[in-house]
Amino acid sequence: GAVVSQHPSWVICKSGTSVKIECRSLDFQATTMFWYRQFPKQSLMLMATSNEGSKATYEQGVEKDKFLINHASLTLSTLTVTSAHPEDSSFYICSTKRSGRGNEQFFGPGTRLTVL
Amino acid sequence: ELKVEQNPLFLSMQEGKNYTIYCNYSTTSDRLYWYRQDPGKSLESLFVLLSNGAVKQEGRLMASLDTKARLSTLHITAAVHDLSATYFCAVNDSGTYKYIFGTGTRLKVLA
Numbered sequence: 001g002a003v004v005s006q007h008p009s010w011v012i013c014k015s016g017t018s019v020k021i022e023c024r025s026l027d028f029q030a031t032t033m034f035w036y037r038q039f040p041k042q043s044l045m046l047m048a049t050s051n052e053g054s055k056a057t058y059e060q061g062v063e064k065d066k067f068l069i070n071h072a073s074l075t076l077s078t079l080t081v082t083s084a085h086p087e088d089s090s091f092y093i094c095s096t097k098r099s100g101r102g103n104e105q106f107f108g109p110g111t112r113l114t115v116l
Numbered sequence: 117e118l119k120v121e122q123n124p125l126f127l128s129m130q131e132g133k134n135y136t137i138y139c140n141y142s143t144t145s146d147r148l149y150w151y152r153q154d155p156g157k158s159l160e161s162l163f164v165l166l167s168n169g170a171v172k173q174e175g176r177l178m179a180s181l182d183t184k185a186r187l188s189t190l191h192i193t194a195a196v197h198d199l200s201a202t203y204f205c206a207v208n209d210s211g212t213y214k215y216i217f218g219t220g221t222r223l224k225v226l227a
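These protein sequence lines map, in sequence, to chains E and X.
Here the working numbering is used: position 109 in the first sequence is 109, and no number is missing along the way.
So the mapping is simple: the working numbering equals the position in the second sequence, first residue as 1, plus 116.
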């Protein structure tokens, strides 16, 4: 497998503030990472594909100006939730893709965001 | 557009019993993955199925893939309480690296 970390593991913020979540690939260089969002008792929904050195590709319905993704190095992608609102409260999970083995993705431990 | 459905959504079963979870998907794909999620946690990889007819087993769990029927099954044998969790299948959207997740099956094994 692969080792993926996220930081922070949980965060509580006030409405209107911005929150940055980090996703690190610890044991290989990842040109592609993915960001998912999971609301309580629901499935994972892909938000965007993060590409090292280029702009992220956002899924339909995800506001790119609200969810800023930066993939400046081969081991780090960041997701910034700007002007957070209570409806942004969710579990955010990142993953990395490793070539070979059927392009299997390896998931981070997740970050729980609560917006008050 | 690829859609992935699982059934049942909820499953309550007695210890020692057998049951099967189904994952159906709508368009061609030959890569399917099964994950387990415990409450408040991220995903734990269970199985990677990469071809038609693939069958993999680990302990009390066995997964199979029929790409012609666009169906994967996760079979539970002699369930134990520790298997209580939510199980997700995910299908690789052909031509991309993206995963589309199933709706999830929340399993509760009663002692």
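For glycine and all other residues, C-beta sits at the position ideal for the given N, C-alpha and C.
- Listed by position along chain X, the residues whose Cβ is nearer than 7 Å to that of Gln105 of chain E are Tyr215.
- Nearest CB-CB separation between Ser73 of chain E and chain X: not below the 8 Å threshold.
- Chain-order list of chain X residues neighbouring Gly53 of chain E: empty, with the shortest C-beta distance near 16 Å, by a criterion of under 8 Å.
- Using beta-carbon distances, Tyr149 of chain X counts as an interface residue toward chain E, with a partner under 8 Å.
- Against chain X, the CB of Thr82 of chain E has no partner CB under 8 Å away; the residue lies outside that interface.
- The CB of Ser158 of chain X comes closer than 7 Å to the CB of Ile93, Phe107, Gly108, Pro109 and Gly110 in chain E, given here in chain order.
- Thr17 of chain E and Phe39 of chain E have their C-alpha atoms spaced approximately 20 Å apart.
- Counting only residues of its own chain and dropping the five nearest sequence neighbours on each side, Glu52 of chain E has a CB closer than 6 Å to the CB of Thr31, His71 and Leu74.
- At the C-beta level, Ser89 of chain E and Leu113 of chain E come within 8 Å of one another.
- Between Met45 of chain E and Cys94 of chain E, the C-beta spacing is not below 8 Å.
- Residues of chain X with a Cβ closer than 7 Å to the Cβ of Ser43 of chain E are, in chain order, Phe204, Phe217, Gly218, Thr219 and Gly220.
- A contact is defined here as three or more CB-CB pairs under 8 Å, and the stretch 50 to 69 of chain E fails this definition with respect to the stretch 154 to 165 of chain X.
- When DSSP states are grouped into helix, strand and coil, Asn134 of chain X belongs to the coil group.
- Proximity to Phe28 of chain E across E:Val4, E:Asp65, E:Thr78 and E:Tyr92 peaks at E:Val4, based on C-alpha coordinates.
- Bounds of the beta strand (DSSP E) holding Leu46 of chain E are Met45 to Asn51.
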